[in-house]
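For the sequence shown, the numbering used here assigns the number 3 to the initial residue and increments by one for each residue that follows.
Built from N, CA and C at the ideal position, the CB exists for glycine as well.
Let me begin by presenting the structure, written as structure tokens, before commenting on it.
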Amino acid sequence: MLDIKEIRLFFLRHGYLLIIAAWLFTFAFLFSNYWSYYSSPQGVKRSLERSLHNRELSFEQLAADTLTMRHLFQRNYNEQELKALHNRDYYVYAYDSTATGRWLLFWSTNLVQPDDLQPLKQGSGFAKLKNGYYEVLCRKLPGTPGHSRYLVGLLPVAMEYSISNDYLVDHFFDKPALGKEYSIQMRPPGIPVLNNRNIILFYLYYDPALDASPPNLLSVILRVLGCICVLIFLNLFATLLARQKNPLMGFLYLLFMVGTLRVLSYVYPFPFNLRALNIFMPYIYAKDEIFHSLGDLLLNVLLTFWMLLFFREHVKTINAPALRYKWQSWLVIALASLVMFIVGQFLSELIQSLVIDSKISFDVTNPFSLNEYSLIGFIILGFIAFSFLFFSQIINFLLNELTQSRHRTKYIFLGAVGILWLLFRIHNPEIPYFTVMVLWLLFYVMLLDMFSSRFQNSLATVAFVFWLVLLTVTTSAVLVYYNNKKELSQRERLAINLSKQRDPYLEMLLNDVNRNAGDDELMQLFFQDRRSSSQLPREMLENELKQKYFKGYLSRFNLTFYFFDENGYPIYPSDTASLYSLNPRILQQSDQVGNDNDLYYNERSFNDYSYIGKQVFYRDSVIIGSMVYELTPAVVNPQKLYPELLVDGELSDPEKESAAAYSYAIYDKNILVSNNNDFPFPIKLYNSDIPLTDVSEKTVNGHSVLIYKASRDKVVMVVKESRSFIEFITLFAYMFCLFLLIIVIYRLLDLLVKARMRIGQLRALVDVSIRRKVHGTVIFVVVFAFIILGGTTILFFINRSETENRERLSKTMNEVAHDVEKEFYTQRMFDELEDLYDPVFQSGLQSSVSDIAEDRALDINIYDRDGNLEVSTQPLMTEKGLLSRKMHPAAYFHMFRLNRIQFIQEEQIGSMRYLSGYVPLRNPEGEVFAYLNVPYFATQTELNQQISNFLVALINFNAFIFLIAGMLALLITNSITKSFSLVTEKLRHVNLGQRNDEIEWEKDDEIGALVKEYNKMVRKLEVSAVKLAKSEREGAWREMARQVAHEIKNPLTPMKLSIQYLQRAVGNDSPNVKELTNNVAHTLVEQIEHLSNIASDFSAFSRIGEAVNEVLLLNETLHSLHALYQGQPGCEIHYDEPTQPYYVYADKTQMNRLFTNLLQNAIQAIPESRSGNIVMHMKATDDRQWVIVSVQDNGEGISPEIQSRIFVPNFTTKNSGTGLGLAMCKNIVEQARGEIWFETRINMGTTFFVKLPLVEQH
């Protein structure tokens, strides 16, 4: 492991990441638990009270505004006052009360209305109305004699609808973060919520078992950023381990840490409760326990990509030993091939699961079907593709290292394993897909050997663009394939549902009937008194039930009743069937509707179906009787009229709702009985047209036709235009841009981490060349044009659609108004003595208006002159509390006050927006007697289709323009940079030791000016070069003479002193002359040997340029040197001898001298107090073009002060020597067209590297 000093230094450099993470987690904790209003039930209570108190104060101020009050009660308010009141966060109502009754003079909304049965009294209260909970404020204002004025305010607290769907969602008012864990109770238990007078309004009940509310977005962002900082820290530490110790050690450390954190996130709510986020809900996507949700899939894919990216960055430094035996290579290749197929199959199944097993749309031909989950899905697909690329690059690189690049053997084994893979799946219906996958994988591995060996990371390379295009094409093709499978499955479900003719709106109404009829007092009395003489006649009872429960939409169906006593026998003699004889038909031949045990759907054939309801009546838990009713269609209308708003989410049928996008036909006994859209279906089917299987698919004139045989007599066809090519092109554009975006974001994050979040360092790291500037400018112009063109065109479509819708609605309203006025006139002819809206007249008018609405496929509402609803073809809107019985205040103002002939505006219920038009109804004298309202639902479908078609065409066109722009940018930049490249190339070859050519440039432009200056510089350089050469030669000779004189003088001095000492001894007749003579002779021989070595060094240095190059086996040179120095005392020399031969073109003697010098320097660099350990290693580079020889010692290292002069001639760190050794080594390497460099660490040792070009043996 690393030593303490290195770890401490690492924490000093990168510990700021952990500090930032700690602060982010702290702020997230504080925000979630203390600062947010929903951090606790008490916090929610305070937030609700604060909101109510502010609105109570606003209401009090409004009631004190005498001018506004006078305008409201006198009905002379203006439009600005109306808008101001309508936009308040509470609803305002002005009542005028007398002894005979009360009248609503003003209302600010038509969504809700105070309960008319409650008396008006000063004060405040709390009420549960049809669409939610409200605080009710009532203030009595000064009035005229006999009249009392009351201002009532409804302050919404929580919306609670009787219908739940995408548009109607229960929620607390202005508190979107509160979920189902909070509810309102009228009495304890719960936390009391008070008004500004400390009066309890309601109790807030908190159920922790239902607490599934997602954490605050800011808290999530802070925690995610904190996790990213921790993960970056772990990555940096793993990188340190990989570089200093071992790449595999760094990878395993990172894998262990990240894997541990991921397992913790599965078992515990770490770093927070991920399951509370929608993206981690299994209803969007789920595959198994590992990929339990879309969020789990995203995290797992991102972490896998990270691990592969880390390993890929360091795999180049792994020294994989080559396998010596063929059987070992074959085994490794076979296993690698199998692993490639297993991983490819797994990722393919993962993509299939993401597309087919999820509620995520990947239909790029319909942009409005895409949402945030689609974007996440595309991101996952992108990282899956890049993960497979990196994984395959790693496997292929290691395989080539181990098997010494036996490509042919690898392809043979890969093909053989692929064939075996297909044989095991021969009976699988997707065998064509698997066959294509095997062929693609074989082709892909071949491409890996051609393009992937260098592991290039630059964005501006041909290899990068190639892999990007290949990944995009492959991912798009796979996605199109699975999209088609999913769409075909959806069409099959649509065909099944179309064959059943189910009506979700009708089922919802019948469920309401079953819920309400069980407690009906009339039916209770009927079954209790059925034996008395006062028993209700059957016709009267049925009419009473129809008036109560089967009106409106239900009145369009034929209705049959059956009444039975407690024993199941018929009460009326006309009923011959008993309850027991009906039960088999109800229970065995019918389908149960939803979770209602008393409602069934029974279908005999097309146009012959019914809904059967059964209701049992009790008294004191004892059965007293039962009723069965059966609804059958009077006239089959496949285009049933009802707004989506009224369909409960549990009863909605997404397949039928999407039927408008298809053409379909239904055949009964081979005869066409119903069809939709413009596909030319045959009127009659022949036996040859009907497939033998229940479901089949064929292509007809560019359309995909799905045929579903529902029964022996019924066949359903669902047709969709085949747009696979358009979908592929659009997907390619989407995925290509997404892949580019992923790579750009990754590079930006990488730069930020390297710059340690400092802008100054980031600017230093970012190198923006002229080429990139031109590329960026062209791409920006294309994208900007795309946004401007797309935005303006979409705005044009929207404006045109709104205009067309308003014109269409205006025309329809006028025609309907004319028809309704005729019906009014006709009804008055037979009902002149009654009131305008008496029950008889209203019943007849209701029937006539319903016929008009059904003929024109729209809804109609009629309001009287006071704005009260009198007739509606959708009474459920008011019965369910979605609207009040009052006209929209803005419409009433324009109709009643401004006497407009027409008024159209956008209105909203829940989250659904729709157009609503109003026109006055007038009698022959021109007097207004009512107001007609026509709501126009589902106005977005046609507009969305137009925008989708335009966006698809624009994206495809823009993808083409993008490619053209890229080519143009390449040409432009090449044209611009070609001149700079020429100048750069000339400057690169400028050398003082040779003749430098001038540049010929005929154009007189900016580049020409630069060329002129360059030519001037070349001419001046030639003059300077001559002078410099002369000066250098003179200086070199002087330095050489000084060095030679110095080196010769050093041994001459001890020689002279020794001889003088010998002469003095002889002259003095010293007795030890003989011994002294031997010592002097030994000294002279030693110094003469030193002089000889000096002469040899200078001679060798002068003859470096006289190399005799030949093709030599470098392995032999290093092997002989290792054998020569192996017995060196106090030092162990290790040599990792490679099995592969490496040939270089160089002088054999100089190569021997080169590595001899490096070995001697390594030995001499080790201090006497340390046991020497020298390692020689030789390995080829990734591209097999170079060989690198390293000589590593464990000496004291080279100090930073002298590192820059280590290769300078005559420079030495030893007490003796010429300083020519390393300079000679550098010259020898350069003569062989190689490179030499070193890496050193103080007290750890030095490694010298020699890089030489490889040549073929011949």
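Task: Alpha carbon of glycine 420 to alpha carbon of proline 431, nearest angstrom - done: About 17 Å.
Open item on the list: Using the three-state DSSP reduction, which class does asparagine 678 fall into: helix, strand or coil?
Closed with: Of the three classes helix, strand and coil, the one that applies to asparagine 678 here is strand, per DSSP.
- [ ] Could you tell me which residues DSSP puts in a beta bridge with phenylalanine 619?
- [x] Under the DSSP definition of a beta bridge, phenylalanine 619 partners with Gly627.
Task: Distance CB(leucine 1254)-CB(glycine 1236) smaller than 7 Å - done: In contact: leucine 1254 and glycine 1236 (Cβ atoms closer than 7 Å).
- [ ] Let me know if glutamine 1142 comes out buried or exposed under the rule of 16 or more other beta-carbons within 10 Å of its beta-carbon.
- [x] Label assigned to glutamine 1142: exposed.
Open item on the list: Quick check on valine 718: does DSSP put it in helix, strand or coil?
Closed with: DSSP places valine 718 within a strand segment (E or B) once states are collapsed to three.
TODO: With DSSP collapsed to three states, give me the class of valine 1082.
DONE: Annotated three-state conformation of valine 1082 is helix, per DSSP.
TODO: Starting from the Cα of valine 138, find the closest Cα among Lys123, Gln503, Thr146 and His149 and give me that residue.
DONE: Minimum Cα-Cα distance from valine 138 among the listed residues Lys123, Gln503, Thr146 and His149 corresponds to Lys123.
Open item on the list: Rounded to whole angstroms, what is the Cα-Cα separation between phenylalanine 415 and tryptophan 332?
Closed with: Whole-angstrom Cα-Cα distance: 8 Å.
TODO: Quick one: using the 10 Å Cβ neighbour count with 16 as the cut-off for buried, is tyrosine 576 buried or exposed?
DONE: With the sequence shown as reference, residue 576 is identified as serine, and tyrosine is not the correct amino acid for it. Serine 576 should be labelled exposed.
Open item on the list: I'd like the ranges of any alpha helix (DSSP H) spanning at least 4 consecutive residues and lying wholly in the segment 885-967.
Closed with: Scanning the segment 885-967 from its first residue to its last, the whole alpha helix (DSSP H) runs of 4-plus residues come out as 891-894.
- [ ] Spell out a yes or no on whether the segment 668-676 and the segment 684-692 are touching, meaning 3 or more CB-CB pairs, one atom from each, closer than 8 Å.
- [x] They touch, by the three-pair rule.
Task: Boundaries (first-last residue) of the beta strand (DSSP E) holding tryptophan 1188 - done: For tryptophan 1188, the enclosing beta strand (DSSP E) has its first and last residue at 1188-1194.
Task: C-alpha gap between valine 1231 and leucine 1115, whole angstroms - done: Roughly 16 Å between the two C-alpha positions.
Open item on the list: If distances are taken between C-alpha atoms only, which option among Asn56, Asn368, Asn1159 and Leu1030 comes closest to leucine 956?
Closed with: Closest by alpha carbon: Asn368.
Open item on the list: So, at 6 Å on beta carbons, what are the nonlocal neighbours of aspartate 696 in its own chain, with the 5 sequence-adjacent residues on each side left out?
Closed with: If we look at aspartate 696 and ignore the five residues flanking it on each side, its Cβ neighbours are Lys711.
Open item on the list: So, at 8 Å on beta carbons, what are the nonlocal neighbours of leucine 391 in its own chain, with the 5 sequence-adjacent residues on each side left out?
Closed with: Trp469 and Leu473.
Open item on the list: Less than 7 Å between C-beta atoms, sequence neighbours within five positions excluded: which residues of the same chain meet that for glycine 793?
Closed with: Counting only residues of its own chain and dropping the five nearest sequence neighbours on each side, glycine 793 has no CB closer than 7 Å to any other CB.
- [ ] Using 10 angstroms around the beta-carbon of phenylalanine 786, count the other beta-carbons present and answer buried if the total reaches 16, otherwise exposed.
- [x] By the Cβ neighbour-count rule, phenylalanine 786 is exposed, with fewer than 16 other Cβ atoms within 10 Å of its own.
- [ ] Rounded to whole angstroms, what's the CA-CA distance from valine 985 to isoleucine 1001? Just pull it up for me.
- [x] Straight across, the Cα-Cα distance linking valine 985 with isoleucine 1001 is about 8 Å.
TODO: Mind checking who serine 99 pairs with in its DSSP beta bridge?
DONE: In the DSSP output, where bridge partners are listed per residue, serine 99 has Arg104 and Ser150.
TODO: Check whether the segment 126-142 touches the segment 201-209, taking contact to mean three or more Cβ pairs, one atom from each stretch, closer than 8 Å.
DONE: In short, these stretches touch, since the Cβ pair count reaches three.
TODO: Examine the Cβ distances between the segment 1165-1175 and the segment 1195-1202 and report whether three or more of them are shorter than 8 Å.
DONE: The count of Cβ pairs closer than 8 Å, one atom from the segment 1165-1175 and one from the segment 1195-1202, reaches three, so the stretches are in contact.
Task: Identity of the residue in Ile281, Leu547 and Val482 nearest leucine 377 by Cα - done: It is Ile281.
TODO: Can you have a look at serine 535 and say buried or exposed, based on whether 16 or more other CB atoms are within 10 angstroms of its CB?
DONE: Since pLDDT at serine 535 reaches only 46, below the 50 mark, its modelled position is unreliable, and the value read off the structure follows with that caveat. That one is exposed.
Task: Own chain, CB closer than 7 Å to glutamate 568, minus 5 neighbours either side, in chain order - done: If the five residues before and after glutamate 568 are omitted, its C-beta is found closer than 7 Å to the C-beta atoms of Ile625, Ile626 and Gly627, all from its own chain and listed in chain order.
Task: Residue closest to lysine 1014, alpha-carbon to alpha-carbon, out of Ser1026, Ala1027, Val1025 and Asp999 - done: It is Asp999.
- [ ] Just tell me which of Met309, Arg57, Pro121 and Asn167 has its CA closest to the CA of valine 94.
- [x] The alpha carbon of valine 94 has as its nearest neighbour, out of Met309, Arg57, Pro121 and Asn167, the alpha carbon of Arg57.
Task: Where the alpha helix (DSSP H) containing glycine 417 begins and where it ends - done: Segment 409-425, the alpha helix (DSSP H) holding glycine 417.
- [ ] To the nearest angstrom, report how far apart glycine 520 and serine 491 are at their CA atoms.
- [x] Going by the C-alpha atoms only, they are around 41 Å apart.
Task: Nonlocal neighbours in the same chain, by C-beta distance under 8 Å from glutamate 825, ignoring five residues either side - done: Excluding residues within five positions, the ones whose Cβ falls inside 8 Å are Leu847, Ser850, Val851 and Ile854.
TODO: Compute the Euclidean distance between the alpha carbons of serine 895 and leucine 131, then round it to the nearest angstrom.
DONE: Reading off the sequence shown, one finds phenylalanine at residue 895, where the question assumed serine. Roughly 26 Å separates the two Cα atoms.
TODO: Can you tell me which of the three DSSP states leucine 377 falls into?
DONE: It is helical.
- [ ] Could you please give me the residues that DSSP links to alanine 160 through a beta bridge?
- [x] According to DSSP, alanine 160 bridges with Tyr135 and Phe174.
Task: Complete runs of the beta strand (DSSP E) confined to the segment 846-891 [at least 3 residues] - done: Secondary structure within the segment 846-891: the beta strand (DSSP E) runs of 3 or more consecutive residues, fully enclosed, are 863-865 and 871-874 (chain order).
Task: Reference proline 1140; option with closest CA among Val226, Glu1118, Val345 and Met914 - done: Closest by alpha carbon: Glu1118.
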